[in-house]
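Trainee: Residue numbers (this note's numbering): 10 to 247.
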């Protein structure tokens, strides 16, 4: 029988690891390294890759893009390892337990990105970190959900030329894509992908999708007002 301390140890450790990893703000680090400016006081004021591209250029923007995604993926891996090592208190389904570990670490990695302890609790919006989580959270070898959302994002980006709208379009699609994916897995292999698995995955997808909309409140206001900037990359020397 699981005790409160078992739950605290496993979930607490996973949450702390995910949060600290998410708190590494590559947007702030690389913008400061290349320009000696705080990205949060430039452009849109967001500590994210899009603003780094706009205000600091392609190299720091690309580094931020890649590493923000990578920390989401690493959080999922570490969350799974912790739950596989210590077990998930009260959960007998090993696949569900592994996914809970991934989701807990991923959720707190996003919170760390939004409220980084190392940078005064002022971070970015978590879209790329969430993308890295989605990439890793699907059963290998094919990240079906990530590819589906990438298509949604790309189509929206071509049509609107606006990163924020495209991000929210992908976020809105995520719970739907997740539900279809996990129900399909459950129907194909119910002994592996249990009811617990698909219910947890769907709930977490709704939370993640809602988080993107919450963090884009100001963007939504600018979109309604017609003042949301289109995507562009700062040219060298500008």
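Just so it is clear, CB atoms sit at the ideal spot from N, CA and C, and this is done for glycine as well.
Model, not experiment: these values are computed from the prediction.
(1) Does the separation of the CB atoms of residue 34 and residue 98 fall below 7 Å?
(2) Examine the Cβ distances between the stretch 68-88 and the stretch 149-162 and report whether three or more of them are shorter than 8 Å.
(3) According to DSSP, is residue 230 helix, strand or coil?
(4) List the endpoints of the continuous alpha helix (DSSP H) containing residue 62.
(5) Measure the CB-CB distance between residue 77 and residue 137 and report whether it falls below 7 Å.
(6) For residue 245, which residues from the same chain have a beta carbon less than 6 Å from its beta carbon, with the 5 sequence-adjacent residues on both sides left out?
(7) Reducing DSSP to helix, strand and coil, say where residue 203 ends up.
(8) Quick check: the Cα distance between residue 239 and residue 135, rounded to an integer number of angstroms?
(9) If you follow the alpha helix (DSSP H) that residue 120 is part of, which residue opens it and which one closes it?
(10) Taking the alpha-carbon of residue 104 as reference, which of 233, 235, 195 and 232 has the nearest alpha-carbon?
(11) Enumerate in chain order the residues of its own chain whose CB-to-CB distance from residue 215 is below 8 Å, with the five nearest sequence positions on each side excluded.
(12) Taking 8 Å as the cut-off, does the stretch 139-151 touch the stretch 53-66 (at least 3 CB pairs, one atom from each stretch)?
(13) Go ahead and pull the three-state DSSP assignment for residue 147.
(14) If contacts are defined as beta-carbon pairs under 8 Å, then residue 91 and residue 23 qualify, I think. What distance do you get, rounded to the angstrom?
(15) Do three or more CB pairs link the stretch 225-239 to the stretch 167-180 at distances below 8 Å?
(16) Is the CB-CB distance between residue 19 and residue 95 below 7 Å?
(17) Take residue 123 and list the residues in its own chain whose beta-carbon comes closer than 6 Å to its own, dropping the five residues that flank it on each side.
(18) Which full runs of the beta strand (DSSP E) of 3+ residues lie inside the stretch 137-188, going along the chain?
(19) I'd like the list of long-range same chain contacts for residue 232, defined as Cβ closer than 8 Å, with 5 residues on each side in sequence excluded.
(20) Tell me whether residue 52 sits in a helix, a strand or coil according to DSSP, three-state version.
(21) Can you tell me which of 212, 225, 221 and 222 puts its alpha carbon nearest to the alpha carbon of residue 113?
(22) Does DSSP put residue 86 in a helix, a strand or coil?
Mentor: The short version:
(1) no
(2) no
(3) helix
(4) 58-65
(5) yes
(6) Legend: pLDDT at residue 245 = 45, less than 50; position of this residue unreliable, value from coordinates given subsequently. So no residue of the chain qualifies.
(7) coil
(8) 19 Å
(9) 103-123
(10) 195
(11) 184
(12) no
(13) coil
(14) 5 Å
(15) yes
(16) yes
(17) 132 and 135
(18) none
(19) 171, 173 and 174
(20) coil
(21) 212
(22) helix
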